[in-house]
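Trainee:
Number of protein chains: 2
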Amino acid sequence: MAPGEFERIRWLRAAAEGAPVRGGSPAGRLFLGIGDDAALWSPPSGEAAVLTVDAQVEGIHFRRGWLTAGQIGARAVATSASDLAAMAARPGGVLLAMFLPPDTEERFFRDLFRGAANEARRAGLAILGGNLSAGPLAVSVTSVGSARPERAVGRRGARPGDGAYVTGWPGRSRIGRALLEAAGGEPRASRRARGACLRAFRTPRARLAEARYLAERVRPRSMIDVSDGVAQDLGHLLEEGSRRGRALGAVLELSRLAALLEEGGCGALARSLGLDPSATALSGGEDYELLLSAEPEIADRAAREFRRRFGIPLTRIGTVVPQPGLRSEDGRPIHPPGFDHFGE
Amino acid sequence: MAPGEFERIRWLRAAAEGAPVRGGSPAGRLFLGIGDDAALWSPPSGEAAVLTVDAQVEGIHFRRGWLTAGQIGARAVATSASDLAAMAARPGGVLLAMFLPPDTEERFFRDLFRGAANEARRAGLAILGGNLSAGPLAVSVTSVGSARPERAVGRRGARPGDGAYVTGWPGRSRIGRALLEAAGGEPRASRRARGACLRAFRTPRARLAEARYLAERVRPRSMIDVSDGVAQDLGHLLEEGSRRGRALGAVLELSRLAALLEEGGCGALARSLGLDPSATALSGGEDYELLLSAEPEIADRAAREFRRRFGIPLTRIGTVVPQPGLRSEDGRPIHPPGFDHFGE
Numbered sequence: 001m002a003p004g005e006f007e008r009i010r011w012l013r014a015a016a017e018g019a020p021v022r023g024g025s026p027a028g029r030l031f032l033g034i035g036d037d038a039a040l041w042s043p044p045s046g047e048a049a050v051l052t053v054d055a056q057v058e059g060i061h062f063r064r065g066w067l068t069a070g071q072i073g074a075r076a077v078a079t080s081a082s083d084l085a086a087m088a089a090r091p092g093g094v095l096l097a098m099f100l101p102p103d104t105e106e107r108f109f110r111d112l113f114r115g116a117a118n119e120a121r122r123a124g125l126a127i128l129g130g131n132l133s134a135g136p137l138a139v140s141v142t143s144v145g146s147a148r149p150e151r152a153v154g155r156r157g158a159r160p161g162d163g164a165y166v167t168g169w170p171g172r173s174r175i176g177r178a179l180l181e182a183a184g185g186e187p188r189a190s191r192r193a194r195g196a197c198l199r200a201f202r203t204p205r206a207r208l209a210e211a212r213y214l215a216e217r218v219r220p221r222s223m224i225d226v227s228d229g230v231a232q233d234l235g236h237l238l239e240e241g242s243r244r245g246r247a248l249g250a251v252l253e254l255s256r257l258a259a260l261l262e263e264g265g266c267g268a269l270a271r272s273l274g275l276d277p278s279a280t281a282l283s284g285g286e287d288y289e290l291l292l293s294a295e296p297e298i299a300d301r302a303a304r305e306f307r308r309r310f311g312i313p314l315t316r317i318g319t320v321v322p323q324p325g326l327r328s329e330d331g332r333p334i335h336p337p338g339f340d341h342f343g344e
Numbered sequence: 001m002a003p004g005e006f007e008r009i010r011w012l013r014a015a016a017e018g019a020p021v022r023g024g025s026p027a028g029r030l031f032l033g034i035g036d037d038a039a040l041w042s043p044p045s046g047e048a049a050v051l052t053v054d055a056q057v058e059g060i061h062f063r064r065g066w067l068t069a070g071q072i073g074a075r076a077v078a079t080s081a082s083d084l085a086a087m088a089a090r091p092g093g094v095l096l097a098m099f100l101p102p103d104t105e106e107r108f109f110r111d112l113f114r115g116a117a118n119e120a121r122r123a124g125l126a127i128l129g130g131n132l133s134a135g136p137l138a139v140s141v142t143s144v145g146s147a148r149p150e151r152a153v154g155r156r157g158a159r160p161g162d163g164a165y166v167t168g169w170p171g172r173s174r175i176g177r178a179l180l181e182a183a184g185g186e187p188r189a190s191r192r193a194r195g196a197c198l199r200a201f202r203t204p205r206a207r208l209a210e211a212r213y214l215a216e217r218v219r220p221r222s223m224i225d226v227s228d229g230v231a232q233d234l235g236h237l238l239e240e241g242s243r244r245g246r247a248l249g250a251v252l253e254l255s256r257l258a259a260l261l262e263e264g265g266c267g268a269l270a271r272s273l274g275l276d277p278s279a280t281a282l283s284g285g286e287d288y289e290l291l292l293s294a295e296p297e298i299a300d301r302a303a304r305e306f307r308r309r310f311g312i313p314l315t316r317i318g319t320v321v322p323q324p325g326l327r328s329e330d331g332r333p334i335h336p337p338g339f340d341h342f343g344e
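Chain order of the listed sequences is L and E. Take 1 as the starting number for the first sequence in the working numbering and just add one per residue. Take 1 as the starting number for the second sequence in the working numbering and just add one per residue.
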């Protein structure tokens, strides 16, 4: 370990101890946090630990000019915690493994950590520990939460007749990324649409509270977070639901997905960037919205209250059917890019 | 996600499901493993989850010519699980975050994972999940275990009069690394010593069973695993034990540390590489042995049985004293390289 790393660990420890989570304390009980060889944490009585890891790597998930140091840290936490949301788990804590090039300035390092710590606090996650290593810029975040095993919402469980629902506005993140890729040459567009799409890419939020609300009110049969795009991730749900010898597919209401993207002017922005709004809503990844299948009667009833409570829509985008593959309402097969793995 | 990544995840899932851990099942109960958004795992009744993360990065912790793909994977698991051992935790499972350059061959990827999975199985850890990302070659491993909160052995707790003990042969890993760095120009040396030092560097083992034995029989007051070197890591124990207004230090029996390294001819090998055996035993890192402080009467009694049971020595290397700093038996201050942070 380089001598400077001890100083950084000392700073981290003080900074982490000074970062209480929102609402007092996270789920479970923390016996021992940062500063020992490992953290000691207990899920609440009757609940199991929910564990997941995700990473953000420079040059793959972001470029340095696209995000501030703080946004890199925050995005790493949010995208990892999004997998807790997908299980409808309660937030517990995070372990942050940071990889920093040797020439990383102190300020960049601290801003990165503060961004991660602030996002953790916002999500109700304690800083349980971490690791600091030299290496190409990357952050790997292990998120820990808790759920009653019989209540956690997995990927399996979709049934024919389920409605397929999505939260928020899928596709915005892809448009935000396209804006950053076109930097300098980007088209004129409504400031509101630009801001919404850039935020979707730069500062996604794990839909933790939304997921628990849905688990309670809508009782999803299956749920996933949208990291690879609505079509891909719906494919995962259908594939998992297809075990036991019955193949599942879905009929998608593409017009509803496209209409979501039109909200706030993002459809026009997509077109001005040369992106097809429908295809972007279907295949654009990294939205970290929730995608679920549920009994339509129950979900439709909850949608209005959901929007009032969380300020984001819950939209039915299709129906699970007992024939494999994705089709549009008029029966045409949908083959979104990158969707080659589905229905094998 | 690149299309090839789905194939890899599918392969990983099948490979992980076919990898039961040693002795049937790990501590705790696994409800849901690889293949969903997150794993669901419960520590055994009355125990808390023990959580830690560590990483191995190409160019920092290893060079590709030094380790096979399988050794890279195994080393990443062992060095992470070593922090579970340092807490005397029972092994539960691991989450593997792998970063692979885009041109990584399928065989390298599979060997890397198999090496990690085999090491996990050997250590009694289930594969709980993971993440696959493009990026420079690195593996970040989150290890999860369990312990009764009142029984876990932390870094705090050292007291004046405690003996300082170490398992195994600290310094061997540093000599192994020096051998690899000198590749081609390495000196002639006993094959046995070469093999022992290369193994110490390439395939360290987390001392999980040893740690639980020590926790039960020796009741260490404080414990840590030797990743930064005996002097540095002893410094951590003394620093943590120094809270509450009393500063701790230690008197070290350097001759015993050096004698450990002479076992099997490693001292001669060190000298032939231009390394001072005493300094190497004191400052060489990455041994992943256990370093603990305990009541000498109890620990001394357990040492013989420990060696018989595990095939490695448990050696007293010094005494905790109520004066800060490290001294040798004849009273001279010891200032090992990199030890600048201690006694501030």
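Backbone N, C-alpha and C fix where the C-beta goes; we use that ideal spot for every residue, glycine too.
Can you name the residues of chain L whose CB is closer than 7 Å to the CB of residue 41 of chain E?
Mentor: Here the question's residue 41 of chain E lines up with position 41 in the second sequence. 48, 49 and 51, listed in chain order.
Trainee: Quick one: measure Cβ to Cβ for residue 265 of chain L and residue 193 of chain L, integer angstroms, because I've assumed they're closer than 8 Å.
Mentor: Taking the first residue of the first sequence as 1, we reach residue 265 of chain L at position 265. Taking the first residue of the first sequence as 1, we reach residue 193 of chain L at position 193. The distance from the Cβ of residue 265 of chain L to that of residue 193 of chain L is about 4 Å, consistent with a contact at the 8 Å cut-off.
Trainee: In three-state DSSP terms, what is residue 58 of chain E?
Mentor: The residue you call residue 58 of chain E lines up with position 58 of the second sequence. Of the three classes helix, strand and coil, the one that applies to residue 58 of chain E here is strand, per DSSP.
Trainee: DSSP has residue 82 of chain L in a bridge; who is on the other side?
Mentor: On the first sequence, position 82 is the one that residue 82 of chain L refers to. Per DSSP, none; premise fails for residue 82 of chain L.
Trainee: Report the neighbours of residue 129 of chain L on chain E: residues whose CB is nearer than 8 Å to its CB, in chain order.
Mentor: Looking up residue 129 of chain L in the first sequence gives position 129. Under the 8 Å cutoff, chain E gives 51, 52 and 53.
Trainee: Nearest chain L C-beta to residue 349 of chain E closer than 8 Å, yes or no?
Mentor: No statement about residue 349 of chain E is possible, as the shown extent of chain E runs from 1 to 344 and does not include it.
Trainee: So, residue 290 of chain E versus residue 86 of chain E, is the Cβ gap smaller than 8 Å?
Mentor: Taking the second sequence and counting its residues from 1, the one referred to as residue 290 of chain E is at position 290. Taking the second sequence and counting its residues from 1, the one referred to as residue 86 of chain E is at position 86. Yes, the pair counts as a contact, with Cβ atoms nearer than the cut-off.
Trainee: Residue 142 of chain L by DSSP, collapsed to three states: which one?
Mentor: In the first sequence, the residue the question calls residue 142 of chain L occupies position 142. Strand, per DSSP.
Trainee: Here's the rule: buried if 16 or more other CB atoms are within 10 angstroms of the residue's CB, otherwise exposed. What is residue 116 of chain E?
Mentor: Translated into the one-based positions of the second sequence, residue 116 of chain E becomes position 116. Under this definition residue 116 of chain E is a buried residue.
Trainee: Can you tell me the Cα-Cα spacing of residue 205 of chain E and residue 30 of chain L, whole angstroms?
Mentor: Walking along the second sequence from the start, residue 205 of chain E turns up at place 205. Walking along the first sequence from the start, residue 30 of chain L turns up at place 30. Distance between the alpha carbons of residue 205 of chain E and residue 30 of chain L: 28 Å.
Trainee: Closer than 6 Å by C-beta to residue 318 of chain L: which residues in its own chain qualify, once you throw out the five before and the five after it? Chain order, please.
Mentor: Along the first sequence, read from residue 1 onward, the residue named residue 318 of chain L stands at position 318. Cβ neighbours of residue 318 of chain L beyond the five flanking positions: 164, 250, 251, 252 and 253.
Trainee: Under 7 Å, CB to CB, which of the residues in the stretch 217–237 of chain E have a partner in chain L?
Mentor: Those would be 224, 225 and 228, in chain order.
Trainee: Does any heavy atom of the ligand SAM sit closer than 7 Å to the C-beta of residue 90 of chain L?
Mentor: The ligand SAM is absent from the structure shown, which contains no ligand whatsoever.
Trainee: Classify residue 334 of chain E as helix, strand or coil using the three-state DSSP reduction.
Mentor: Mapped onto the second sequence, residue 334 of chain E falls at position 334. Assigned with DSSP and collapsed to three states, residue 334 of chain E falls in coil, not helix or strand.
Trainee: Roughly how many whole angstroms lie between the Cα atoms of residue 275 of chain L and residue 138 of chain L?
Mentor: On the first sequence, residue 275 of chain L is found 275 positions in, with the first residue counted as 1. On the first sequence, residue 138 of chain L is found 138 positions in, with the first residue counted as 1. So the two alpha carbons sit approximately 29 Å from each other.
Trainee: Is residue 155 of chain L close to chain E? Criterion is C-beta to C-beta, closer than 8 Å.
Mentor: Taking the first residue of the first sequence as position 1, residue 155 of chain L is located at position 155. So yes, residue 155 of chain L belongs to the interface.
Trainee: On the CB-based measure, 16 or more other CB atoms within 10 Å of its CB, does residue 6 of chain L come out buried or exposed?
Mentor: Position 6 of the first sequence, counted from the first residue, corresponds to residue 6 of chain L. It is buried - the Cβ of residue 6 of chain L has at least 16 other Cβ atoms within 10 Å.
Trainee: With distances taken from CA atoms, which of E:94, E:130, E:112 and E:134 is nearest residue 123 of chain E?
Mentor: For the purposes of this step, residue 123 of chain E is taken as residue 123 along the second sequence, with counting starting at 1. The residue with the shortest Cα to Cα distance from residue 123 of chain E is E:94.
Trainee: For residue 37 of chain E, does the three-state DSSP call read helix, strand or coil?
Mentor: Within the second sequence, residue 37 of chain E is the residue found at index 37, counting from 1. Residue 37 of chain E falls in the coil class under three-state DSSP.
Trainee: Is the beta carbon of residue 169 of chain L closer than 8 Å to that of residue 261 of chain L?
Mentor: One-based indexing of the first sequence puts residue 261 of chain L at position 261. One-based indexing of the first sequence puts residue 169 of chain L at position 169. Against a cut-off of 8 Å, the Cβ pair of residue 169 of chain L and residue 261 of chain L comes out as a contact.
Trainee: Answer yes or no: does any C-beta atom of chain E fall closer than 8 Å to that of residue 341 of chain L?
Mentor: On the first sequence, position 341 is the one that residue 341 of chain L refers to. Because the pLDDT at residue 341 of chain L is just 38, under 50, the model does not fix this residue reliably, and the point stays unresolved.
Trainee: Kindly say whether residue 173 of chain E, judged by its beta-carbon, lies nearer than 8 Å to any beta-carbon of chain L.
Mentor: Position 173 of the second sequence, counting from 1, holds the residue named residue 173 of chain E. Output row for residue 173 of chain E: interface = no.
Trainee: What does residue 140 of chain L reach in chain E if we use C-beta pairs closer than 9 Å?
Mentor: For the purposes of this step, residue 140 of chain L is taken as the residue at position 140 of the first sequence. 53, 55, 97, 99, 131, 133, 138, 140 and 142, listed in chain order.
Trainee: Can residue 293 of chain L and residue 242 of chain L be called in contact, C-beta distance under 8 Å?
Mentor: Reading the first sequence from its first residue, position 293 is the one you call residue 293 of chain L. Reading the first sequence from its first residue, position 242 is the one you call residue 242 of chain L. Result no, Cβ atoms of residue 293 of chain L and residue 242 of chain L do not sit closer than 8 Å.
Trainee: Just curious, the beta strand (DSSP E) that residue 134 of chain L is in, first and last residue?
Mentor: Along the first sequence, read from residue 1 onward, the residue named residue 134 of chain L stands at position 134. 126–134 is the extent of the beta strand (DSSP E) around residue 134 of chain L.
Trainee: For a contact meaning CB atoms closer than 8 Å, what does residue 72 of chain E contact in chain L?
Mentor: Numbered from 1 along the second sequence, position 72 holds the residue referred to as residue 72 of chain E. Under the 8 Å cutoff, chain L gives no residues; its nearest Cβ is about 14 Å from residue 72 of chain E.
Trainee: Is residue 247 of chain L close to chain E, meaning its C-beta is less than 8 Å from at least one C-beta of that chain?
Mentor: What you label residue 247 of chain L is simply residue 247 of the first sequence in a count that begins at 1. Closer than 8 Å: no.
Trainee: Against chain L, does residue 37 of chain E count as a neighbour if the rule is that its beta carbon must be under 8 Å from one of theirs?
Mentor: Counting from one through the second sequence, the residue named residue 37 of chain E turns up at place 37. It does: the Cβ of residue 37 of chain E has a partner Cβ on chain L nearer than 8 Å.
Trainee: Could you say if the stretch 140–147 of chain E and the stretch 46–64 of chain E meet the contact criterion of at least three C-beta pairs nearer than 8 Å?
Mentor: As far as the Cβ criterion goes, the stretch 140–147 of chain E touches the stretch 46–64 of chain E, which means the pair count is three or higher.
Trainee: Measuring only the C-alpha atoms, how far is residue 248 of chain E from residue 323 of chain E?
Mentor: Translated into positions along the second sequence, residue 248 of chain E becomes position 248. Translated into positions along the second sequence, residue 323 of chain E becomes position 323. The straight-line gap from Cα to Cα measures roughly 5 Å.
Trainee: Could you tell me whether any Cβ in chain E is nearer than 8 Å to the Cβ of residue 113 of chain L?
Mentor: Locating residue 113 of chain L in the first sequence gives position 113, counting from the first residue. Not one chain E Cβ lies under 8 Å of residue 113 of chain L.
Trainee: May I have a chain-ordered list of the alpha helix (DSSP H) segments no shorter than 4 residues that lie completely inside the stretch 253–335 of chain E?
Mentor: 254–262, 266–272, 277–283 and 296–310
Trainee: For a quick check, are the C-beta atoms of residue 180 of chain L and residue 38 of chain E less than 8 Å apart?
Mentor: Sequence index remark: in the first sequence, residue 180 of chain L carries index 180 (1-based). Sequence index remark: in the second sequence, residue 38 of chain E carries index 38 (1-based). For residue 180 of chain L and residue 38 of chain E, no; Cβs fall outside 8 Å.
Trainee: How would you label residue 183 of chain L, buried or exposed, when you count the other beta carbons within 10 angstroms and need 16 or more for buried?
Mentor: On the first sequence, position 183 is the one that residue 183 of chain L refers to. Burial call: exposed.
Trainee: Taking C-beta to C-beta, are residue 53 of chain E and residue 153 of chain E nearer than 8 Å?
Mentor: Numbered from its first residue, the second sequence carries residue 53 of chain E at position 53. Numbered from its first residue, the second sequence carries residue 153 of chain E at position 153. Against a cut-off of 8 Å, the Cβ pair of residue 153 of chain E and residue 53 of chain E comes out as no contact.
Trainee: Could you list which residues in chain E have their beta carbon closer than 9 Å to that of residue 86 of chain L, in chain order?
Mentor: As a first step, residue 86 of chain L is located in the first sequence; it is residue number 86 there, counting from the start. 36, 37 and 38, listed in chain order.
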